[in-house]
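S.K.:
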Amino acid sequence: MIPTGLSFQQAPPISGPFRFFLTAPWFLLSAAVLLIVMGPDLMRSRHAPAALAATHLLTLGFTSMVMVGALLQLLPVLAGLALPRPVLTARLIHWPLTLGAISLATSFLWSESWLMVFCAGSLCMGFGVLLVSFLLSLRPVCAPNVFLDALRHALVGLALTVGMGLTLLMMRDHGLPISYERWANLHPQWGVFAWSTFLVMGVAYALIPLFLLTPAYPKPVVRFLVPGLMVVLVLKTLISGVSNPEMGRLEDGCNVVLALGCILFSSVTLRLLGQRKRKVMDVAIYFWKIGMVALLLGGVIGLLLPWAPQDRIENLRLTMGVLLLPGFLVAVIHGMLYKIIPFLTWFHLQSTYPRSGIIPNVRELQAPYRVQQQAAFYGFSLLLLVLACWFPSLSRGAGVLWAIDAWWLGSNLLGSAMTYKRVQKIARSLPTA
Ligand code: HEM
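Sequence positions in the sequence shown follow the numbering used here and run 961 to 1393.
#1: Classify V1202 as buried or exposed, calling it buried when 16 or more other Cβ atoms lie within 10 Å of its own Cβ.
#2: State the DSSP-derived secondary structure class of L1173, mapped to helix, strand or coil.
#3: Thinking C-alpha only, which one of S1341, L1344, K1299, L1343 is nearest L1325?
#4: Assuming I1250 and G1375 are in contact, meaning their beta carbons sit under 8 Å apart, how far apart are those beta carbons, in whole angstroms?
#5: In chain order, which alpha helix (DSSP H) runs of at least 4 residues are fully inside the region 1288–1350?
#6: Between the Cα of G1370 and the Cα atoms of V1186, S990, Q970, which residue gives the shortest distance?
#7: CA-CA distance, L1265 and R1209?
#8: Which stretch, first to last residue, makes up the alpha helix (DSSP H) that contains S1227?
#9: Return yes when the Cβ of R1356 is within less than 8 Å of the Cβ of G999, no when it is not.
#10: Can you tell me whether A1176 is buried or exposed, with buried defined as 16 or more other CB within 10 angstroms of its CB?
#11: So, is F1094 buried or exposed, given that buried needs 16 or more other C-beta atoms within 10 angstroms?
#12: Three or more beta-carbon pairs under 8 Å between the region 1276–1294 and the region 1341–1354, yes or no?
#13: Would you check if the region 1010–1021 and the region 1041–1049 touch, i.e. whether three or more CB-CB distances between them fall below 8 Å?
#14: For a test of your reading of the model: does the CB of A1367 fall under 7 Å from any non-hydrogen atom of the ligand HEM? Yes or no.
#15: Given a cut-off of 8 Å, decide if V1181 and V1152 are closer than it, judged by their beta-carbon atoms.
#16: Run the CB neighbour count on Q1333, radius 10 Å, all protein chains shown included, and call it buried at 16 or more, exposed below.
#17: Using only the alpha-carbon positions, how far apart do P1314 and A1244 sit?
#18: Looking at the structure shown, is G1151 part of a helix, part of a strand, or coil, going by DSSP?
#19: Check whether the region 1036–1043 and the region 1103–1118 are in contact - that is, three or more C-beta pairs closer than 8 Å.
#20: If L1220 sits next to G1259, beta carbons under 8 Å apart, how far is it from one beta carbon to the other, in whole angstroms?
#21: Counting only the same chain and skipping the five closest in sequence on each side, list residues whose C-beta sits under 8 Å from that of F1171.
#22: Is any heavy atom of the ligand HEM found at a distance shorter than 7 Å from the C-beta of R1132?
Below, the structure written as structure tokens:
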């Protein structure tokens, strides 16, 4: 039941990661409701207040929330690293991140200074505790580990994303002697590429071959892709402030390399998924395939963007944003949640009540999810959202479909949490041998 190479001795109590996993779907639902309420106004420009609010309900409230919860679980299990006081650490990250994501989204819609101060304080605290506790735990490790190498780059990316985001927030309220536009272009790239995509790459290198029985990722990809893209992001950041034609072309070159990185990772992953030994469809595969196709298409748009007709650039950028966020990251995270939640529910019940004989196995816990139907529905919802980038009148329809998907995900995860509680109650009432 537990693949070799994973050490569960140091796994944190279930409440640690679960609080993040059970919170995230409701942020996805809020972003969908915002799209229903604001409709075409949200899809007209990615800088529109409603678009920025929806972007951060997704990137802070959903993707970052689940990624932090997953890290709390994966760090001990994949690298044998115990976090200091895992439940207290989880609490000190979860509440500020939740309040910070809500108040940041609200501050985009109603730009009140006190709201910006409150959200800056919450996000500083949440991400501060996260970065300090993870970097402290990572310090003693020097043995090469594919997951940890990618994680270190992702944490640097997170620190820079949060730093730039908070600076942008201050500039919106106070104005600072630096170029807003430059940072407003760099911040999303560090957030989506370095923090989010590097982490997904590290998780994929470590877990896809292990859980889905595929061949291992090619060594050059594992060794050079994340550090290589990191160098390109740093170079792009350094030259982005220099306004001359050569630097402009070099910056385009950096964007093309980042796009090629997405195309390489997604096509290698799709090939490995096609070569897996166990041919039965696993719950995670449906969503990982959707995510990889979206990342591939997002990469292709990124590749062609420098040569696109001027009047189509904004629609293409919006489409790329939709393919990279709801398309790639949100899809992959659906797959991870549908794999992690039933596994942890079974693992904690089995390790606490090994002789109760009433513990449902992982397949029984996954059965109520109806993942195949949801993945098909998800694919259609994504298609409608992409079309809404070109025909904003489709936005509200897309919002309704995304709200249904978020509710579907949230109620499935709540169902597993309630099953855990129910089985735990029965197991506790059973006479011990
Ligand atoms: C402390 C946390 C954060 C703060 C305070 C923050 C703040 C901001 C601000 C003020 C903007 C507006 C820039 C503009 O006017 O276009 C922005 C844009 C954006 N942020 Fe964040 N952000 C944070 C975290 C993140 C994270 C973690 C991600 C991604 C994983 C992210 C992704 C984005 C994206 C994609 C946009 C650009 C929207 C666009 O131009 O298409 N942000 N952020």
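Built from N, CA and C at the ideal position, the CB exists for glycine as well.
M.R.: Answer, in terms of the structure:
#1: By one-based count along the sequence shown, residue 1202 stands at place 242. It counts as exposed.
#2: Translated into the one-based positions of the sequence shown, residue 1173 becomes position 213. It is coil, neither helix nor strand.
#3: Taking the first residue of the sequence shown as 1, we reach residue 1325 at position 365. Considering only alpha carbons, the answer is K1299.
#4: Numbered from 1 along the sequence shown, position 290 holds the residue referred to as residue 1250. Numbered from 1 along the sequence shown, position 415 holds the residue referred to as residue 1375. Their Cβ separation, rounded to whole angstroms, is 22 Å, which puts I1250 and G1375 out of contact at 8 Å.
#5: 1290–1312, 1322–1326, 1331–1348
#6: Position 410 of the sequence shown, counted from the start, is the residue given in the question as residue 1370. Of V1186, S990, Q970, the residue nearest in Cα terms is S990.
#7: Taking the first residue of the sequence shown as position 1, residue 1265 is located at position 305. Taking the first residue of the sequence shown as position 1, residue 1209 is located at position 249. Rounded to whole angstroms, L1265 to R1209 spans 13 Å at the Cα level.
#8: As a first step, residue 1227 is located in the sequence shown; it is residue number 267 there, counting from the start. Its alpha helix (DSSP H) spans residues 1205–1234.
#9: Residue mapping note: residue 999 aligns to position 39 of the sequence shown, counting from 1. Residue mapping note: residue 1356 aligns to position 396 of the sequence shown, counting from 1. Their beta carbons are under 8 Å apart, which means G999 touches R1356 by this criterion.
#10: In the sequence shown, the residue the question calls residue 1176 occupies position 216. That one is exposed.
#11: As a position in the sequence shown, residue 1094 is number 134, starting the count at 1. So F1094 ends up on the buried side.
#12: yes
#13: In the pairwise beta carbon analysis, the region 1041–1049 is classified as not touching the region 1010–1021: fewer than three pairs are separated by under 8 Å.
#14: One-based indexing of the sequence shown puts residue 1367 at position 407. Residue 1367 is actually Trp in this sequence, not Ala. W1367: no, Cβ never under 7 Å from the ligand HEM.
#15: In the sequence shown, residue 1152 corresponds to position 192, counting from 1. In the sequence shown, residue 1181 corresponds to position 221, counting from 1. No, Cβ-Cβ distance for V1152 and V1181 is not below 8 Å.
#16: Taking the sequence shown and counting its residues from 1, one reaches residue 1333 at position 373. Exposed: under 16 other Cβ atoms inside 10 Å.
#17: Start at 1 with the first residue of the sequence shown, and residue 1314 comes out as number 354. Start at 1 with the first residue of the sequence shown, and residue 1244 comes out as number 284. Straight-line Cα distance between these residues: approximately 27 Å.
#18: The count along the sequence shown starts at 1 and reaches residue 1151 at position 191. Helix.
#19: Enough Cβ pairs lie closer than 8 Å, so yes.
#20: Along the sequence shown, one-based indexing puts residue 1220 at 260. Along the sequence shown, one-based indexing puts residue 1259 at 299. Confirmed, about 7 Å.
#21: Taking the first residue of the sequence shown as position 1, residue 1171 is located at position 211. Same-chain partners within the cutoff: P963, D1242, A1244, K1299.
#22: Translated into positions along the sequence shown, residue 1132 becomes position 172. Yes, the Cβ of R1132 comes within 7 Å of a heavy atom of the ligand HEM.
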